[in-house]
Structure formats: structure tokens, C-alpha cells
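K.L.:
What follows is a structure written as C-alpha cells; I'll ask about it next.
Protein chains: 2
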Amino acid sequence: MTASDPRITALDTYDIRFPTSRELDGSDAMNPDPDYSAAYLVLRTDAQDGLEGHGFTFTIGRGNDVQVAAINTLRAQVVGRSVTELCADPGSISRDLIGDSQLRWLGPEKGVMHMAIGAVVNAVWDLAAKREGKPLWQLLADAEPEWLADQIDYRYIEDALTREEAVAILRRGRAGRAAREQVLLARGYPAYTTSPGWLGYSDEKLTRLAREAVADGYTQIKLKVGADLDDDIRRLRAARAAVGPDVRIAIDANQRWNVDEAVAWTTALAEFDPYWIEEPTSPDDILGHAAIRTRVAPIRVATGEHVQNRIVFKQLLQAGSLDVLQLDSARVGGVNENLAILLLAAKFGVPVCPHAGGVGLCELVQHLSMFDYLAVSGSLENRMIEFVDHLHEHFTDPVVMRDGHYAAPTAPGFSAQMKSESMARFTYPDGEFWAADLAATADAAEGREAVA
Amino acid sequence: MTASDPRITALDTYDIRFPTSRELDGSDAMNPDPDYSAAYLVLRTDAQDGLEGHGFTFTIGRGNDVQVAAINTLRAQVVGRSVTELCADPGSISRDLIGDSQLRWLGPEKGVMHMAIGAVVNAVWDLAAKREGKPLWQLLADAEPEWLADQIDYRYIEDALTREEAVAILRRGRAGRAAREQVLLARGYPAYTTSPGWLGYSDEKLTRLAREAVADGYTQIKLKVGADLDDDIRRLRAARAAVGPDVRIAIDANQRWNVDEAVAWTTALAEFDPYWIEEPTSPDDILGHAAIRTRVAPIRVATGEHVQNRIVFKQLLQAGSLDVLQLDSARVGGVNENLAILLLAAKFGVPVCPHAGGVGLCELVQHLSMFDYLAVSGSLENRMIEFVDHLHEHFTDPVVMRDGHYAAPTAPGFSAQMKSESMARFTYPDGEFWAADLAATADAAEGREAVA
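These protein sequences, in sequence, are chains D and F.
Heads up, this note's numbering is the position in the first sequence plus 20, with the first residue counted as 1.
Heads up, this note's numbering is the position in the second sequence plus 20, with the first residue counted as 1.
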């Protein structure tokens, strides 16, 4: 083992949880009290450069430990690998981890195990981009079409996208790239904001935040719906009054409905001109989304944050289920699978408006959308990234919003790195915050027992 | 807390692994070396009867610890519950666990977290049937249609199956039940066997086991395919020669192919008259299965052992993707979700031929098929349960095969209980077998180092 052939020496994991439920940040019709959390990992190497790869799965609290356990099972397949080889071809580890025959039984390619693979794969890309000295969006946009096409696993999607088609899309995507990069650097990538729309917020807070969003330059906001129709009508009326007729209002049901319910409820809100209905039903229901889309047109149908893999996205596109594809940076098998999803979307001509928010999802996904603009779709039309103003302060390279746009990151890497002091404070259950909080809860319980 | 209102006092978990990879039992095109394992749990109560509820998720080795961790996260929601209430309405805990908003993020309703819920729900049914003094098939077949219909979660399937339709199917299912029960008790439920067909077996072993299967009364065998076409042709020719033209031979690709490959490969094997092609592609690919089915007809298409939940089964039926539905007792959310799947299959007129094998899957799933025969489909036509002759000796109430049929279990419960001596011996990594095995491996490694 020499300095010229550095190895991965450690995959360290962390269970990090933020007590967001106490402010009802992130509350929606299915998730009343999320504690935004990250099952987090750091890849360490024996290279002289001291660079690390950071990655994580976003969860909303309970079960973050299961997610950490899943990442731990991958350690043996990562530690000892050549850093140079890994960074030259992150697709190799993506294929190896997805192909592990015993772990595959736990999915395949879905849920806890698949998200764990995504976290590791994303950490490899973070390391690769740092070693290259580029933000990930730029590394991807600078890459050769053939190399990018080889990063994709075509298993189970070849009936919709072949390697040859991927290369052709990526070659076409290069035309005019320099001009687009100028636009991106000058203006950033458009965003919409969900910050006003959480279900737990009062009408007053909703109205105030909606006005602030418009003042901050956003041209689209999003409201959570689906718990109570009368409430939704009142809140949408207030929001529409606050932002006026020209700002788009998307609505998001977080999988609350059956097919018929989705159609009836969405139709009942049509007078407020919702731009899209997001997650009207189960993310698994490809045919259900197609039926809903037909019946609520011209209101658009959007989904993706819980779509488990490229195979389901392929079918959502084949079945005509979607107007807007909302990929997530940390739900599927990492950058490699998201490359497949971006190319599928381009092939079918469906705009990608990624899911973000949570912990660090904005930080990650901006790189994918910027790459899409520069080298795949080549378009910003009807494309925006979700923005939620939570927890960015915990990252070393947090997103920068300017006039309703994500400014292009300039630091090398995937913007995935959390501050070490935040990690120490919010590690569950032993970090400073949780240790104090759990002790206080225990004391209170003892007090109640003493009284009783 | 009194004896008349007993509570669940513990949910104990066990990581149990059998070293099956050493004999290539269970080897197929995607799973070359499985160590059949169970993430196992026992519900204990303070009732005087001393009865326990047993349940498990089947895995194939690595990652069994992740599955155990997932079951552990459910403990807090189970311990302390009233045993009487739980057993009177297992649907209540099924809904609560699936509805946990924070854990739901890890699925929803798929993969590690969903299988963990299934294991707990199945343990509740085991306990309920033991307390009732009936084998589970009988408890289900004796239940009122309305009560059974209330055990089902209609969320996301109501466009294909309403509660009213479920009640109607179950009422119709009662006609002629007594006569069918006589048939079941006298003859058992038909089975087919996969024992001859593992990919790691020699042609000689395949031929010998295929002949033995026919001699034992089986009218269908199954062969694994998909690793090498020339091998498959040779093995199918040998199998067809061994069993003659009248015994059905199903083939199983274990998700090996893309859509076009599946069609080409299956067509290349058509001369040997395969009865069905099983898992030709990803279990997530509803539209892919539909395309394959159209193109390989009259060869039937079967899938289900990896289908994640009722929502995907609903679509496989809606899209006409299946000739044979292969539910699994321990992949989805337990008995409650399998009730939904049995009723969906009945509604669409598709026969159910469950997946079994592994650890204890034969023991569990026989109850569901027998219930289906007595009270849902009312038919044995083209219906059989998979049988694999592995690991039954570890169960206290193992399946009994007679002339190619599963004999109806008579012991109360779900036949889910593993012998305590087997659990002790094969607990990973501290049980007797693994402690010795891991020590030997460590010694051998030290020996190699000393030589080097």
C-alpha cells in the first residue's frame, strides 16, 4: 500500500437527528411530527490529501438506527478498495453493492437497503468530486458522454433506454453548454419554496410566509393538503390572496388518497388554480397515477420523492402517469441511478423538479439539476428545485439562495458534508442535545411516578 | 393488570442463520450461495396459558441483522398491548405499524421495514390461533366474512377491491365449504417441488431428484434457469426425459432478464413445454411482465415472491401481467395484507400458487392456501403450493407431505415455531454452530498468515 495507491480505510456511520417536530416544521397530511434525521457516513482514506467522502440517507426520526445498521452492512465491501479506481468509476461499486446476492433479498433495490447503497454511492461521488477539485455538477457536466453512459445500470430499463440512446442524449446535451453555464453562473437554478405551506402552520403564518416568498423572488410556492378539505379550501384561498394570480401554487397530498378521492379532492381545489398535485396516492401506484392524471387534467400530476428506483420511474413515464418528475437525491441508489432517471425523463420529455428539503437534500440535489440543465435536458422551462429553509446551517457548504434561485456551488464535492459540531451535538442518543433531552424526559417521568 | 386482561410483556428477537450455501441448496441465477436465515421474534405474555406468538422474516444471510434491527424498532408499539384486544383484531396492530409516520418514511410498505411489520403481524396471528386452539387455516375459514373483510387495509387498492366486494367474495366463498374441508382433510393441498431444480446441482442429481419427485406423487417440478442458455437447454432436456410429457415443468429465472431477453430466452426453451416462466424480470416491472406475457403466450407468466405489497399485486392484476400469482407469507405485511392479495386474485380470477421454501415459508403459507380453498377461491384447479425439502426439521410443527400434497396442519397456531435447540445452535454469531465455525475460520486465517 503506497501513497500513490491510496485505499478506503474506514466507513464511519452516525445516527443524527434534529428535533424538528417541536416546531411543526415539515408537518403534512401523512407526517405530523417528523424529526428530520440523517443516517450519515464518512469514507476515510490513507491518501495524503486528507479528503473524505460524505453521504447520508434522509429519514424522519424513528428507524434512523435501522438505516445506519443497513449502511454498516456495506462496510466490508467498501473498506480496502482503491480510491483511484473507485473515483475513476463509481459505477463499479454501485453495481457491486446492488448485485450483492444476499443483501439483494432485502429489497431488491428498494427501501432501507437501497437507500443505504445510495448513501454510500453518493459519498463516493463526493470524494471523487473533491479529488477532482470540482463541484459535482461540474464534474458531471465535464464528463464524456460515453463515460457517463457507462455509469448507468440498464438492467430492467433497457426496454425504455439503451446505452446507445443514453450516449445520443448526452451528445446532443453538449450543444450550447457554454452559454448555459454562463446563465447558470450568473443567475443560478430556479427554485420554488415549500416553507409557507406546512400543515401545522396557522393561516397567519402561511400568509406571511407566502408574501415573504414572493418578495424573495419565488414564482412558485407549495402547500400541503389532504388532511381536511375545508381547511385546504381556506388555506388555498388565503395563499392565493397572498400571492396573487401569477405566482404558481403547487399542492402536495403526501400519498394521502385513493384514486377516486384524489380526483374528487383535487377537483374541489381546482378553483384556486393549483399548478400540480403532488403525491396524490401511493408512490407504487403507476396505473393509479395515470388514471388520476387523465381525470384531473389540466392540473398536472407530480411524484417521485418516494419512488423507489429507476424501474418504477421508467413505468411512470411509459404509462404517462407524470407531468413532473420529482427525483430525490437520497431515496434511490445514489448518483448513478439518478443519472438513469434524468436520462429517462429526457427521453420521455418530462421536466424534472426534484424533491428537496429534509436534511441536506437541497445541498445534494442542486448538483443533479444543474448537470441536467448543462448536459442533458438543456432547459430550464418548467423546471425548478424545491427549496425549504431548514437545517442548512449545519452544512459546511450550505445552499445559497439568490432571488428565488439556487446559486451554483463552487466548492469541490457534493455539498454533503455536515459540520462536525452539529454532528456531535445531534448524534442520537448520546450527543449533547439528545443526552440532555432524554435525561429531562426521564426526570419528568420519574416526577410523575413520584406524584402518582 | 390482571390474569383476565393479559398483556404482551416482551418482543424478543433472534438472528438465526443456517449454513445452506455449503451444499448449494437454494442456488439460482441470482442467488449463488444463500445462507437461509430468519429474523425471528417471539411475543411473550403474562397470560396463564403460557402461549407465545412466533413470527419471522426469511432472508438469505447477510443483512439478517438489519432485518432484526427493524423488528426491534417495533417493540415499543407492541409491548404492553392487551392480548385479548390484539387477538380479537390483528388488523389494529397491522394498521398502527404501517401507519407509523416516522417508520413509514423508510418504505413506505416495502423492503426491510415492511417485512419487519409482516413478521410481527404474523406472530400476532400465531398467538391468536393458538389461543383459539385452531390451526390458522381453520381460524380464518371459520371467521365471519365481515370480520375478515375488516382485517384488510383498502388504502391504495379501493379502485380494484372495495370492502363490499370483499364481503361478497367471502360470502360466496362459504358455499360448499364443508365438502371442501373433507377433501382437504382427506387428501391435503396439492404441491409442486423445486427440490430437483437448483442451479448448482449436477445433471445426474437433477435427473435422480426429478424421478424421485414423480415417484413421490408430484405432478409438477420446477427448474431454475437464466445463468447460461446452453446449460438450461441441456438441463431441461434431461428433466423432460426424466419426468415424461405429462408432468409439468415450471422454470424460474429469479429476475435475471430484461424484457427482450426474457422473451428470447423463454422462447428458446419452449420446445420443452415449460408450464410457466417465473420471475422473468424485476418484480417491480408491472408493464414489463405484461409485455412478456403477451409475447411468450401460451407459456404462463408467474411472479410474486419479491412483490413488495398489495399495491403492486393490484397493478399486476389490473395490467394483465400474470397467469399465476405467487404470494409469499413473509414478504408483505403479514396475514392481513395477504388476505387482501388473496381477495384481489379471486376478484381477477387468477390462481394463487404461493412461493415457499426458505426457512419456514412452507410451514406458514400452507395455512393461507388452505383458507383460500375453503373460503375464497373455493378451487384447487391449477393451484399448488411450492415445496422444497429444506430445514423443516427445525420446526415444532413441520409440514407433512403425503403423495405430493401438504397435509392440513392440526396443531393450533401458524406452524411458525422453531425448535429452541435449533435456535440456540444457529443463532448468529454466538450460537454453537457459528461460534465454532467462525473460530475455525479465524484459526485458518491465522494459519495462512503464519505460513506467509
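Glycine included, each C-beta is placed from N, C-alpha and C at the ideal position.
1. My assumption, with CB atoms under 8 Å, is that D/L117 sits in contact with F/V86. Please give the rounded CB distance.
2. Under the three-state reduction of DSSP, which class applies to F/T461: helix, strand or coil?
3. D/H74 lies in the beta strand (DSSP E); which residues open and close that run?
4. I want to verify the contact list: residues of chain F whose CB lies under 7 Å from the CB of D/R175, in sequence order.
5. Quick check: what's the CA-CA separation for D/M390 versus D/P303?
6. Within 10 angstroms of the Cβ of F/D423, are there 16 or more other Cβ atoms? Answer buried if so, exposed if not.
7. Secondary structure at D/F407, three-state DSSP: helix, strand or coil?
8. Mind pulling the chain D residues with CB within less than 9 Å of F/E178?
9. Can you tell me where the alpha helix (DSSP H) with F/I319 in it begins and where it stops?
10. Exposed or buried, what is F/W454 when buried is set at 16 or more other beta-carbons lying within 10 Å of its beta-carbon?
11. I need the straight-line Cα distance from D/S41 to D/Y56, nearest angstrom please.
12. Can you check whether the C-beta of D/S349 is within less than 9 Å of a C-beta belonging to chain F?
13. Examine chain D for any beta-carbon lying closer than 9 Å to the beta-carbon of F/V379, and answer yes or no.
14. Can you list the alpha helix (DSSP H) stretches of 4 or more residues lying completely in the region 376–463 of chain F, in chain order?
15. With 9 Å as the threshold, decide whether the Cβ of F/I80 is near any Cβ in chain D.
16. Chain D partners of F/Q87, CB-CB under 8 Å?
17. Shorter than 8 Å, the distance from the beta carbon of F/I189 to the closest heavy atom of the ligand MN, or not?
18. Let me check one thing: in DSSP terms, what residues is D/T65 bridge-paired to?
19. Write down the C-beta distance between D/G131 and F/G131 rounded to the nearest angstrom, noting that I regard them as a contact closer than 8 Å.
20. So with Cβ pairs under 9 Å, would you call D/L411 a contact of chain F?
21. Answer with yes or no whether the minimum CB distance from D/Q158 to chain F is below 9 Å.
22. Can you name the residues of chain D whose CB is closer than 9 Å to the CB of F/N329?
23. Roughly how many whole angstroms lie between the Cα atoms of D/A322 and D/Q202?
24. Can you tell me whether F/R192 is buried or exposed, with buried defined as 16 or more other CB within 10 angstroms of its CB?
25. Establish whether the CB of F/D450 and some CB of chain D are separated by less than 9 Å.
26. Select from D/M404, D/R254, D/F415 and D/G467 the residue whose C-alpha is nearest the C-alpha of D/Y222.
27. Give the DSSP-derived three-state secondary structure of D/E298 in the structure shown.
28. From the DSSP output, in three-state form, read off F/D170 for me.
29. State the start and end residues of the unbroken alpha helix (DSSP H) segment that holds F/K225.
30. Count the CB pairs spanning the region 92–106 of chain F and the region 172–185 of chain F that are closer than 8 Å, and state whether there are at least three.
31. Pairs of beta-carbons, one from the region 63–72 of chain F and one from the region 136–147 of chain F, closer than 8 Å: are there three or more?
32. How would you list, in chain order, the residues of chain F whose beta-carbon sits under 7 Å from the beta-carbon of D/N51?
33. Need the endpoints of the alpha helix (DSSP H) that F/D53 sits in, please.
34. Do you know offhand how far D/Q240's Cα is from D/S215's?
35. In chain F, which residues lie less than 8 Å from D/A338 when you measure between Cβ atoms?
36. Beta-carbon separation of D/V263 and D/A233 under 9 Å?
P.N.:
Taking the definition as stated:
1. D/L117 to F/V86, Cβ: 14 Å. No contact.
2. Note: F/T461 maps to helix in three-state DSSP.
3. Unbroken beta strand (DSSP E) run through D/H74: G73 to T79.
4. Under the 7 Å cutoff, chain F gives N278.
5. Those two C-alpha atoms are separated by around 25 Å.
6. By the neighbour-count rule (16 or more Cβ atoms within 10 Å), F/D423 is not buried but exposed.
7. Strand at D/F407.
8. N278, V279, D280 and E281, listed in chain order.
9. Boundaries cannot be given for F/I319, as no alpha helix (DSSP H) includes it and DSSP labels it neither H nor E.
10. Classification for F/W454: buried.
11. The C-alpha of D/S41 lies about 8 Å from the C-alpha of D/Y56.
12. Judged by the 9 Å Cβ criterion, D/S349 is not in contact with chain F.
13. Chain D contact via Cβ: absent.
14. You should have 381–395 and 440–446.
15. Interface annotation, F/I80: in contact with chain D, CB-CB separation under 9 Å.
16. L126, listed in chain order.
17. With respect to small molecules bound, the structure shown includes none, and the ligand MN cannot be examined in it.
18. For D/T65, the pairing in a beta bridge is given by DSSP as D/I28.
19. Rounded, the Cβ-Cβ distance is 2 Å, consistent with contact.
20. Answer no: the Cβ-Cβ gap between D/L411 and chain F never drops below 9 Å.
21. So, not an interface residue.
22. The answer, in chain order, is S302 and D304.
23. Rounded to the nearest angstrom, the two C-alpha atoms are 30 Å apart.
24. Label assigned to F/R192: exposed.
25. It does not; no Cβ of chain D falls within 9 Å.
26. The residue you asked about is not Tyr; residue 222 of chain D is Ser in the sequence shown. Selection D/M404, D/R254, D/F415 and D/G467 evaluated against D/S222 yields D/R254 as nearest (Cα-Cα).
27. Correct three-state label for D/E298: strand.
28. Correct three-state label for F/D170: helix.
29. Looking at the DSSP string, the run of the alpha helix (DSSP H) that includes F/K225 is D223 to A235.
30. With the cut-off at 8 Å, the region 92–106 of chain F and the region 172–185 of chain F do not touch.
31. Counting Cβ pairs under 8 Å, three or more are found: they touch.
32. S121, listed in chain order.
33. If you look at F/D53, you'll find it isn't in any alpha helix (DSSP H); DSSP assigns it neither H nor E.
34. Between the alpha carbons of D/Q240 and D/S215 lies a gap of roughly 11 Å.
35. Sequence inspection shows Gln at residue 338 of chain D; the Ala mentioned does not correspond to that position. Residues of chain F passing the Cβ test: L307.
36. Yes, the pair counts as a contact, with Cβ atoms nearer than the cut-off.
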